[in-house]
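See below for the structure under consideration.
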Amino acid sequence: MFKIGLRSNCISRAFLTKSSIRKFSASKLEGKIALITGAASGIGKETAKKFINNGAKVVIADIQTKLGKETATELGTHASFISCDVSKESDIAHAVDYAVSNYGQLDIMFNNAGIACHTPPTIVDLDLAAFDRVMSINVRGVVAGIKHASRVMIPQGHGSILCTSSITGVLGGLAQHTYSISKSTVVGVMKSAAAELCRYGIRINCISPFAIPTPFVIEEMRVYFPGVDDQGLAKMIHDNGVLRGAICEPEDIANAALYLASDDAKYVSGHNLVVDGGFTSIKNLSFPVSNEFES
Ligand code: NAD
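In the numbering used here, the protein residues as written are 10 to 304.
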């Protein structure tokens, strides 16, 4: 690495040394193997890219086979794809076994796949079939991911597990009950698992993102605001952020995931890292609550 720098004849030696050191220290996941569910698009895909750029090999596990394969191809030889429906325990078990048999270990498990579902907004009319469907992916899928990652991480004696929750799990009224309940439950699941997994050297944490206009969010918003195009919907989402001069993007969540997955967070476990620019700290919110979404 230093040799390459010294061979260059247009940049000073001192600069190259510093930049080489920077490059080296930026590889926070050198040699690590990660499995990310829901990584065909959005937050999962951005995190896969970030992990690979930091030296990891990443298994992309997603229910969208065509898009998942395209994503793996786009991300290069350090990415591979496995078809996986997180609501099926056998699919999760298979994805974990695939990672171990192909790469020899599993260092990072990111339980990120999640959905929302259209249901009547009031608790009185709650559609319990929709509730079961959301819970089967957003909660049961996470529990299955933790279970099977732990199965291989406990004998290894180390590992980092991440789960995607949401600001809708921190505050009520930001989304429909099904989604909010599922995301607050994810934090409870994480805490429960953290209490046991610490004795095996395994860390587990959550990330709770602010709203980001990824495909599933845009799809949801289209139902409530049919006259608004995708760009307008994305703007509506960003306009509800409270941190002046910034918007919440998939890379912000990928950065949080990189921190939690890496040794930078070697003593952090049982934590819910809220990435919301301060949104959930403010008393008077302008964000439309779930009942207001109803046309
Ligand atoms: P996205 O639509 O870009 O990605 C979701 C991915 O999950 C898709 O690739 C989809 O195919 C996959 N998926 C859905 N059901 C699956 C299943 N049963 N098995 C395997 N994969 C499945 O959306 P995103 O915003 O990147 O969502 C990622 C996570 O972030 C979700 O858990 C979501 O709830 C959470 N989240 C998103 C936001 C946001 O505003 N975008 C905010 C907070 C939390």
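For glycine and all other residues, C-beta sits at the position ideal for the given N, C-alpha and C.
Keep in mind the model is a prediction, meaning the values are calculated, not measured.
- Arg212 is classed as buried because its beta carbon has at least 16 other beta carbons within 10 Å across all chains shown.
- Taking 6 Å as the cut-off, the C-beta of Thr173 counts as close to a heavy atom of the ligand NAD.
- Remark: three or more beta-carbon pairs, one from each stretch, lie closer than 8 Å, so the region 186-205 and the region 272-292 are flagged as touching.
- The residues Ile227, in chain order, have a CB closer than 7 Å to that of Asp239 in the same chain once the five nearest residues on each side in sequence are set aside.
- Within the same chain, Ser217, Val283, Thr289 come within 7 Å of Val179 by CB-CB distance, once the 5 residues on both sides are set aside.
- Residues Ile42, Leu44, Val68, Leu115 of the same chain have their beta carbon placed closer than 7 Å to that of Ala108, with the five preceding and five following residues left out of the count.
- Contact between His186 and Leu135 holds: CB atoms are separated by about 6 Å, below the 8 Å threshold.
- Residue pairing by DSSP places Asn281 opposite Cys215 in a beta bridge.
- In this structure, the straight-line span from the alpha carbon of Ile72 to that of Asp272 is close to 30 Å.
- The alpha helix (DSSP H) runs lying completely inside the region 178-253 and spanning 4 residues or more are 186-206, 224-233, 239-248, given in chain order.
- As the crow flies, the alpha-carbon of Gly241 is around 29 Å from that of Cys172.
- Taking 7 Å as the cut-off, the Cβ atoms of Asn111 and Gly47 do not count as close.
- Residue environment: His157 is assigned as buried (16 or more neighbouring CB atoms within 10 Å of its CB, all protein chains considered).
- For Val67, there is no enclosing alpha helix (DSSP H); the enclosing beta strand (DSSP E) has its first and last residue at 66-71.
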